[in-house]
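As structure tokens, the structure follows; a few thoughts come after it.
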Amino acid sequence: MLLGIEKLRVIKGFTAASMLDSYFHPYSHSLITAMAWSGVAALLYKTIWRAKASSSAAVIVGLAVFSHWILDLIAHPRDLAIYDDTWKVGFGLWNYRDPEFALEIALLAGGIIVYLARNVMPPIRNTAIIGFGIVLVIVQIGDTYVPRAPLTDKATAMGVWIFYTLFVLVAFLVEKVGSRRQINVS
Numbered sequence: 005m006l007l008g009i010e011k012l013r014v015i016k017g018f019t020a021a022s023m024l025d026s027y028f029h030p031y032s033h034s035l036i037t038a039m040a041w042s043g044v045a046a047l048l049y050k051t052i053w054r055a056k057a058s059s060s061a062a063v064i065v066g067l068a069v070f071s072h073w074i075l076d077l078i079a080h081p082r083d084l085a086i087y088d089d090t091w092k093v094g095f096g097l098w099n100y101r102d103p104e105f106a107l108e109i110a111l112l113a114g115g116i117i118v119y120l121a122r123n124v125m126p127p128i129r130n131t132a133i134i135g136f137g138i139v140l141v142i143v144q145i146g147d148t149y150v151p152r153a154p155l156t157d158k159a160t161a162m163g164v165w166i167f168y169t170l171f172v173l174v175a176f177l178v179e180k181v182g183s184r185r186q187i188n189v190s
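Below, the structure written as structure tokens:
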């Protein structure tokens, strides 16, 4: 969207939960592209972590990437293309603000609970993960319920890119909390 290849409009009241009308995004959000991104993610994971990664871990990474399209299918109105810009689908949960918000928070909380239950980590990292989860909930509350004037299409796309990049960076840093660096003393 920032390069002008895909298109986004900001329309106040477009749906109950979102002002974003992603009317042309076949390269990032079509079913065929989602399958391709999933395969690329699995292959990259397997290639980068070849020594440590099992094939099942790579499949899980690919499925996690593909789950984005499934969740978008549930949330989006009919703007997700199957291929290119044709045969658009979407169940439209964004038309129902409170159930959509509840599902987003439930998925976030469920993911955090599973992650904490399946990984042994120092207490400080557990606290950091829960704290980051709380911050994400606060951001979601603001995005969903706080009235605001729509920004321009370009400013919205830039803001989304900045926030997503920031969230990935924070998640990466949270993973490092409580890690001990090994120091070789000769």
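Per the working numbering, the sequence shown starts with residue 5, numbered consecutively. Glycine is no exception: its CB is placed at the ideal position from the N, C-alpha and C atoms.
Beta strand (DSSP E) containing residue i: first to last residue?
{"i": "T90", "result": "T90 to V93"}
{"i": "V14", "result": "K11 to V14"}
{"i": "A85", "result": "L84 to Y87"}
Taking DSSP as the reference, what is the three-state secondary structure of residue i?
{"i": "F18", "result": "coil"}
{"i": "A79", "result": "helix"}
{"i": "L155", "result": "coil"}
{"i": "V178", "result": "helix"}
{"i": "G96", "result": "coil"}
{"i": "G163", "result": "helix"}
Alpha carbon to alpha carbon, how far is residue j from residue i? Give it in angstroms, no decimals.
{"i": "Q186", "j": "V178", "result": "Note that Q186 scores 48 on pLDDT, short of 50, meaning its location in the model is unreliable and no value can be drawn from it."}
{"i": "F176", "j": "V93", "result": "33 Å"}
{"i": "F171", "j": "A40", "result": "24 Å"}
{"i": "D76", "j": "I128", "result": "33 Å"}
{"i": "I78", "j": "S71", "result": "11 Å"}
{"i": "D147", "j": "V65", "result": "28 Å"}
{"i": "V63", "j": "I117", "result": "21 Å"}
{"i": "S26", "j": "N99", "result": "15 Å"}
{"i": "F140", "j": "W165", "result": "According to the sequence provided, residue 140 is Leu. The question's Phe does not apply to it. Rounded to the nearest angstrom, the two C-alpha atoms are 15 Å apart."}
Report yes or no: do the region 14 to 23 and the region 138 to 157 share at least 3 C-beta pairs separated by less than 8 Å? yes
Which runs of the alpha helix (DSSP H) spanning at least 4 residues fall entirely within the region 98 to 152, listed in chain order? The alpha helix (DSSP H) runs of length 4 or more contained entirely in the region 98 to 152 are, from start to end of the chain, 101 to 122 and 127 to 149.
Restricting to runs no shorter than 3 residues, where is the beta strand (DSSP E) found entirely within the region 19 to 70? 24 to 28
At a cut of 8 Å, does the region 108 to 116 reach the region 136 to 145 through at least three beta carbon pairs? yes
Counting pairs of Cβ atoms below 8 Å between the region 48 to 63 and the region 81 to 95, do you hit three or more? no
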